[in-house]
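Colleague: Numbering (the UniProt record's numbering), first residue to last: 1 to 1200. Even for Gly, the Cβ is constructed at its ideal location relative to N, Cα and C. Below you will find the structure I want to go over with you.
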């Protein structure tokens, strides 16, 4: 059963009645002839519209009393809004387009019709809702069961107080028997009671609703009264039976299993965040089959470069052609050079199309497919100027890849094309310069020389609105046909330029954002072939079949005007294919094969990805070990035992092992990897080595709230013993990656170890000659023994003669090196080692060769306190915008330096007075300057405090970090800043170029001091007056004018108060023009400013011009032109207005014999600066952004 063409629903479910003539509607109803099973009327248009205002009003012409009710609610929750009906939407007329018929065997069709006959209706009306519910048989649409639900309801007449009558409750039910709790489906439907007697019409209402478990039925609780339905004179009842019909159209549901490949034949693309615009254009290009074929044939290198756009496009197209699941685009956007932030920024779909095709075309150069894109998408237009009185024409042919059509004020696409080629008359003052023929009247316009096989049309729904001074979306109704004939716009070409609609790219939302989908006719065929259109809707990862109405007519647009802020859905870009080229463009007669080398490449990629996916899924079953030996420890001479980069060093032995491996198996495994010699083969693993787990620990002194830096030490033994025979690694290795120390000896003969009374200690030696540290080995100590008991063993490890005196230090952490004062006390006693635990680190030095100026502790303290820095000049706040920027300084400084030492260092590096160097605190998050240091702060602060490396945030030398220091070269000593006032001012040169500087006049000074400060950097004109003045100027688009000239005796603080918000007002220093040095009583400095149509949209550089009373306005006009240095042709477009209080008082004819009236221009007393008049120059602001663009964000760039 065909859906009534007039019914259309907006995106929030309200159905609205556009302005129509009720009497005409009634006449249409009376004159319409329809068969019994397929007839609709417009009775509801009148009835529902009347009822919308008052539920008690009646329409005697169409419905008897008590006939109609207006409640539109869920069966369970009677709370919905009244609805109104929308007027007819125009249909596309085409040989190709026919509505899809209901297929009862197709469970996933986009729409369907449901029937319910209620026999014994008179008895039905007398029953209760609980006993007389009727449900139809289900009809499946989009995979969900839909039924009609009919219930008798009480229907009291509002305000009458009479006994309630019965009414028919008429509902559409979706998925009513499902127990699922997370599904939803958006649908619109027409609900009808059929007229069963010839000459009587159906009664119809429409609904739009999001069905979900709590509201799985929706409709009218009081559709019509039972009295009205039972009355034979109304034609609805026959043999005590009424017939209900619902035609439902639904979107693909969410929250249920949806197989796009199965239900639509195609798959979608995943959305990365805001990439719906990209997904839509990618699907469009994919279905341009000849382009897809050319992309497959593009030459690509054999490497798997992430920056290879061609390879990434081939991969996306291949996956779309062969995959069964939605395709990801992360590799594609990565090849574009986009970061993750870029994927969350929505862009214009037409802009991306243009940029992407340009990129692909450049990569196809010098290949067999280099002409594919121009041959598919490039047309040629000719711009011309033709003289009407002489035989002279100037023309230029230019290629185009898309056409932007203005839709504002247009009803359809043909009107837009006609405006595009509309002829402009050049006459009067706007005549054309025809060379030898002189100035001639002419016609200017555009003609198309050729249209491409694939025509991309952008409907300019995003345009600049001058009244709002903002870009807005135009939601006006704009019709486009499925068949488009463009022959009338061609220049003398006899070819057939008939085009068939292939794709409709749709935008839902407003200028600031929204969502893109694309409808594609996947079954487009050339003329002569009988076929039904196969429209599909591609909504990111969901693909579903669509009707012609949903794909085309529903996207004409049209604002119902009822709800402000409502988002609207309409076509934004159209793709047409020339009728005669359909076979060639869509490759209808070819079985498109992907080149074998690409198939192999992508299948290998898929296998590798599946392998990685499997590894990721099974990652919880494995752990990774990194094996560290004494050889690795000996190669590192920094703080602690190991380089923190060890975990990332791929050169170290590392293995992935199963967590269910036992400890004995771990020992055997390590032996097989590290001990492979023949002599080692027979020795049991437990006798050759012990395995220790590195752990990160911290130490805190007693009574201290501050901890030392963390240490990475082998502190936990993984013993191979009888007790651990069955113990698995899952119980001892908690991390995904574990650093293991393999303790062994040169002889592979381990001495015994008692974990209850002994400790594993590591030893470094300080070489006083080279002033360096080296790792020498490890040994086992009893914590109740004295350190002197192990001196001999330490000498052997170091390689020194027996009896060499040694001094020992304990390296608690990089920032805690402490002397072991007594070697004769037990290690567990006070003043020996502070930590009695495994993994202790000792440093030995020769007592007889070291001194107070050369010892291990001093060496390590110096290393710790020496940091790398990069000193950056900050010119943002204090320095002129044109000042030279010093290159960064890199070097080393002391962590405990004073600020005086630091500025002395910087001053020496940049050859600048240290007293004038200002230092800044830096944010720890982004290294940006946040606050400058005062002179008082500089006297007490040290470098560690400047860098925030005091307290909990300690310097860790193992990170090898280069710290940032920020400074500014000031024009004054820092000590003088407290009595100075920092001010940002502008400077304007003779060519009206503006620069900004920061000056520091005395707080007690005057404007004279400000001018003297500025004089140092001001660029005077070669033959200028040399005299400066300070002008008070506005900075915003509502105030960008010159207000006054400050008197020289005005105080600095008064100027500061007026200009303390630089975004609104500033002081501007400028050289006084020669003619303005003296201003007589009959003369006046008139402020002149630029604006674009509205005085609230000011721009440019305002200035003063001296005028004399009774001076010709034409003379003033001429002097303004000289001041601005504007060509005559451009200056002709300028208009002149007298502005006061941001309003145009009147426009002035500056070419007439009018004269200057000083009183009118503000020479008389003015109440305030804000209301003082000025002369406004009304002309276009060329610096304004593109007004036809969609989004305000940065342009799309494909970087590779």
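Among 834, 1097, 796, 798, which residue has its Cα nearest to the Cα of residue 809?
Modeller: In the chain shown, residue 809 corresponds to position 809, counting from 1. Closest by alpha carbon: 834.
Colleague: With a threshold of 16 other CB atoms inside 10 Å of the CB of residue 253, please say whether the residue is buried or exposed.
Modeller: Against the chain shown, residue 253 aligns to sequence position 253. Classification for residue 253: buried.
Colleague: Which residues does DSSP list as the beta-bridge partners of residue 150?
Modeller: Along the chain shown, one-based indexing puts residue 150 at 150. Answer is 134, 170, bridged to residue 150.
Colleague: Can you name, in chain order, every residue of its own chain whose Cβ lies under 8 Å from the Cβ of residue 619, other than the five neighbours on each side?
Modeller: In the chain shown, the residue the question calls residue 619 occupies position 619. Around residue 619: 736.
Colleague: Which residues does DSSP pair with residue 533 in a beta bridge?
Modeller: As a first step, residue 533 is located in the chain shown; it is residue number 533 there, counting from the start. Answer is none; residue 533 lacks a bridge partner.
Colleague: Grouping DSSP H, G and I as helix and E and B as strand, with all else coil, what is residue 887?
Modeller: Start at 1 with the first residue of the chain shown, and residue 887 comes out as number 887. Reduced to three states, the DSSP call for residue 887 is coil.
Colleague: For the pair the segment 1040–1055 and the segment 1089–1100, tell me if three or more CB-CB distances fall below 8 Å.
Modeller: Contact between the segment 1040–1055 and the segment 1089–1100 is present, because at least three Cβ pairs lie under 8 Å.
Colleague: Determine the extent of the alpha helix (DSSP H) in which residue 259 is found, giving its start and end residues.
Modeller: As a first step, residue 259 must be located in the chain shown, where it is residue number 259. Note, residue 259: premise wrong, no alpha helix (DSSP H); not H, not E.
Colleague: According to the neighbour-count rule (16 or more other Cβ atoms, all chains shown, within 10 Å of its Cβ), is residue 1204 buried or exposed?
Modeller: The question about residue 1204 has no answer here: the residues shown for the chain are numbered 1 through 1200.
Colleague: Quick one: grab the DSSP three-state call for residue 401.
Modeller: Counting from 1 along the chain shown, the entry for residue 401 is found at position 401. Correct three-state label for residue 401: coil.
Colleague: Which term fits residue 399, buried or exposed, when burial requires 16 or more other beta carbons within 10 angstroms of its beta carbon?
Modeller: Looking up residue 399 in the chain shown gives position 399. Residue 399 should be labelled exposed.
Colleague: I want to see whether chain B comes within less than 8 Å of residue 689, judged by CB atoms only; does it?
Modeller: The structure shown has no chain B; it contains just one protein chain.
Colleague: Measure the C-alpha to C-alpha separation of residue 1172 and residue 431 and round it to an integer number of angstroms.
Modeller: The residue given as residue 1172 occupies position 1172 in the chain shown. The residue given as residue 431 occupies position 431 in the chain shown. Going by the C-alpha atoms only, they are around 39 Å apart.
Colleague: Report the rounded CA-to-CA distance for residue 1063 versus residue 1031, giving the unit in angstroms.
Modeller: As a working note, residue 1063 is residue 1063 in the chain shown. As a working note, residue 1031 is residue 1031 in the chain shown. Spanning the two alpha carbons is a distance of roughly 16 Å.
Colleague: In angstroms, rounded to a whole number, what distance separates the CA positions of residue 791 and residue 913?
Modeller: As a first step, residue 791 is located in the chain shown; it is residue number 791 there, counting from the start. As a first step, residue 913 is located in the chain shown; it is residue number 913 there, counting from the start. Straight-line Cα distance between these residues: approximately 55 Å.
Colleague: If you draw a straight line from the C-alpha of residue 675 to the C-alpha of residue 681, how long is it?
Modeller: For the purposes of this step, residue 675 is identified with residue 675 of the chain shown, where counting begins at 1. For the purposes of this step, residue 681 is identified with residue 681 of the chain shown, where counting begins at 1. Their backbone Cα atoms lie some 8 Å apart in a straight line.
Colleague: Terminal residues of the continuous beta strand (DSSP E) containing residue 570?
Modeller: Residue numbering aside, residue 570 sits at position 570 when the chain shown is read from its first letter. Start and end: 568–578.
Colleague: Using the DSSP secondary-structure output, state which residues sit across from residue 1041 in a beta bridge.
Modeller: If you number the chain shown from 1, residue 1041 lands on position 1041. Partner(s): none; residue 1041 has no beta bridge.
Colleague: When the Cα of residue 844 is compared with those of 415, 857, 825, 360, which residue comes out closest?
Modeller: In the chain shown, counting from the first residue as 1, residue 844 sits at position 844. It is 857 whose Cα lies nearest to the Cα of residue 844.
Colleague: Can you tell which of 759, 189, 221, 712 has the C-alpha that lies nearest to the C-alpha of residue 168?
Modeller: Locating residue 168 in the chain shown gives position 168, counting from the first residue. It is 221.
Colleague: Do residue 183 and residue 255 count as a contact pair if the criterion is CB distance below 8 Å?
Modeller: On the chain shown, position 255 is the one that residue 255 refers to. On the chain shown, position 183 is the one that residue 183 refers to. Contact flag set, yes.
Colleague: What does the Cβ neighbour count give for residue 1180, buried or exposed, with the cut at 16 atoms within 10 Å?
Modeller: Counting from one through the chain shown, the residue named residue 1180 turns up at place 1180. With fewer than 16 other Cβ atoms within 10 Å, it is exposed.
Colleague: Are residue 575 and residue 284 touching if we call contact CB-CB under 8 Å?
Modeller: Residue numbering aside, residue 575 sits at position 575 when the chain shown is read from its first letter. Residue numbering aside, residue 284 sits at position 284 when the chain shown is read from its first letter. Yes, these two residues count as a Cβ contact at 8 Å.
Colleague: Assign residue 344 to buried or exposed, taking buried as 16 or more other Cβ atoms, counted over all protein chains shown, within 10 Å of its Cβ.
Modeller: Residue 344 sits at position 344 when you count from the first residue of the chain shown. With fewer than 16 Cβ atoms within 10 Å of its Cβ, residue 344 is classed as exposed.
Colleague: What is the DSSP secondary structure of residue 899, reduced to helix, strand or coil?
Modeller: Against the chain shown, residue 899 aligns to sequence position 899. Residue 899: helix per DSSP, three-state reduction.
Colleague: Which residues share a DSSP beta bridge with residue 145?
Modeller: Indexing the chain shown from 1 puts residue 145 at position 145. Partner(s): 140.
Colleague: Which residue from 931, 447, 372 puts its Cα closest to that of residue 357?
Modeller: Looking up residue 357 in the chain shown gives position 357. Nearest C-alpha to residue 357: 372.
Colleague: Could you give the uninterrupted runs of the alpha helix (DSSP H) lying entirely in the segment 817–864, keeping only those of 4 residues or more?
Modeller: Entirely contained in the segment 817–864, not one alpha helix (DSSP H) run reaches 4 residues.
Colleague: If distances are taken between C-alpha atoms only, which option among 964, 1078, 688 comes closest to residue 925?
Modeller: The residue labelled residue 925 in the question sits at position 925 within the chain shown. Among 964, 1078, 688, the Cα nearest to that of residue 925 is on 964.
Colleague: Comparing alpha-carbon positions, which option in 557, 461, 374, 625 lies nearest residue 1247?
Modeller: Residue 1247 falls outside the range modelled here, since the chain spans only 1 to 1200, and no answer is possible.
Colleague: Nearest to residue 265 by alpha carbon, out of 538, 489, 383?
Modeller: Position 265 of the chain shown, counted from the start, is the residue given in the question as residue 265. Measuring from the Cα of residue 265, the nearest candidate turns out to be 538.
Colleague: Helix or strand or just coil, what does DSSP make of residue 1149?
Modeller: Counted from its first residue, the chain shown places residue 1149 at position 1149. Three-state result, residue 1149: coil.
Colleague: Quickly, what does DSSP pair residue 118 with across the bridge? List them, please.
Modeller: For the purposes of this step, residue 118 is taken as residue 118 along the chain shown, with counting starting at 1. Answer is 242, bridged to residue 118.
Colleague: Mind checking who residue 740 pairs with in its DSSP beta bridge?
Modeller: The residue labelled residue 740 in the question sits at position 740 within the chain shown. Bridge partners of residue 740: 627, 693.
Colleague: Could you check whether the segment 709–723 touches the segment 603–614, counting it as contact only if at least three pairs of C-beta atoms, one from each stretch, sit closer than 8 Å?
Modeller: Taking 8 Å as the limit for Cβ pairs, the verdict is that the segment 603–614 does not touch the segment 709–723.
Colleague: Round the Cβ separation of residue 500 and residue 522 to the nearest angstrom and send it over; I've been treating them as touching at under 8 Å.
Modeller: To locate residue 500, count along the chain shown from 1; it is residue 500. To locate residue 522, count along the chain shown from 1; it is residue 522. In fact, because the Cβ distance is near 13 Å, the residues do not count as touching under 8 Å.
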